[in-house]
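Beneath this line is the structure, given in structure tokens, with notes to follow.
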Amino acid sequence: MEVIGRIGEALNQLYPALEVYVDDIRQGAKEPYFILQFVSKRDMKIAGIKCNKAYTIDITYVSKEESDLYKVMDSLEKKLYSLVVYLSYDMEIIEKEGHFVIEVIAENPATKEEYSGNGFYQKLAEKVKELSHKPCYFLTVDLQKVDFEKGFFILKPLSLAASTISLNHRKEYEQEIELVYLENSERHPMKILEEHERCIQALSDDTVLRKEYINLDYEIEVEDEEEEKEVLDFSHFTTTLTVKRRG
6 MEVIGRIGEA LNQLYPALEV YVDDIRQGAK EPYFILQFVS KRDMKIAGIK CNKAYTIDIT
66 YVSKEESDLY KVMDSLEKKL YSLVVYLSYD MEIIEKEGHF VIEVIAENPA TKEEYSGNGF
126 YQKLAEKVKE LSHKPCYFLT VDLQKVDFEK GFFILKPLSL AASTISLNHR KEYEQEIELV
186 YLENSERHPM KILEEHERCI QALSDDTVLR KEYINLDYEI EVEDEEEEKE VLDFSHFTTT
246 LTVKRRG
């Protein structure tokens, strides 16, 4: 299953020293390790995008060391979302196993259709590429094909609300979009952050993109860098864009 493979790739990126097993196949496995198990699937839609399916996956971490168990589960809660888009999560520790259960958006033709053509998401992603000179992926990314040293963006729609603003039923939309940036941390983190802030400000000031919306606000979330280094070999920043536009 592609979703399982995507999560496995993310875990390999985050925890390269640990083995990742699928569907409880762990004969001869040496602790600590991960197991990925499919739980269920459902039809769904997010931010007006028909994503077709969402899959519930149980990421189980097995370790004899209680302190290590809690540390890894805590890091999963904080860091996995930077690499894998999930709608919700639940976390539980039972004996020496930690269960991190997530519902993952499936990549499918419906999301590609939403991004193709001349829609706002595509225009936003193309503008990010133009201003940053870095790739910007829509919703999901193949971790085998990205360049962490160069850095890249992932555009993630979060919500979409519509309201009627005139007698001719003209629509006004308010949407929240996450723009996640990831780069390895060989450069000084403050230089990466300063460059990221300049890019987001330029995005906000861009006169061509400005024609596509009424108002754009943004907020940049910055992780504690010392804590970040304990978990990842790269820096990441999340910018939440709140956009108002007319249809």
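If you're matching positions, the sequence shown starts at 6 in my numbering and goes up one per residue.
Glycine residues also receive a C-beta, built at the ideal position from the N, C-alpha and C atoms.
Please read all numbers here as calculations on a predicted model, not as lab measurements.
Assigned with DSSP and collapsed to three states, P140 falls in coil, not helix or strand. Note on the region 70-121: whole beta strand (DSSP E) runs with a minimum of 3 residues are 91-99 and 102-110, in chain order.
L144 and H138 have their C-alpha atoms some 19 Å from each other. Annotation for S164: the continuous beta strand (DSSP E) segment containing it runs F157 to T169.
With respect to the C-alpha of I99, the residue from I170, Y38, E71 and L163 having the closest C-alpha is E71. Shown here, S209 sits in a helix according to DSSP, grouped into three states.
Just measuring C-alpha positions, the residue of L165, Y126 and K132 sitting nearest E181 is L165. Y186 carries a strand assignment under DSSP once its states are collapsed to helix, strand and coil. Under the criterion of beta carbons closer than 8 Å, K101 and S68 qualify as touching, at roughly 6 Å. Per DSSP, the unbroken alpha helix (DSSP H) holding R11 starts and ends at E7 to L19.
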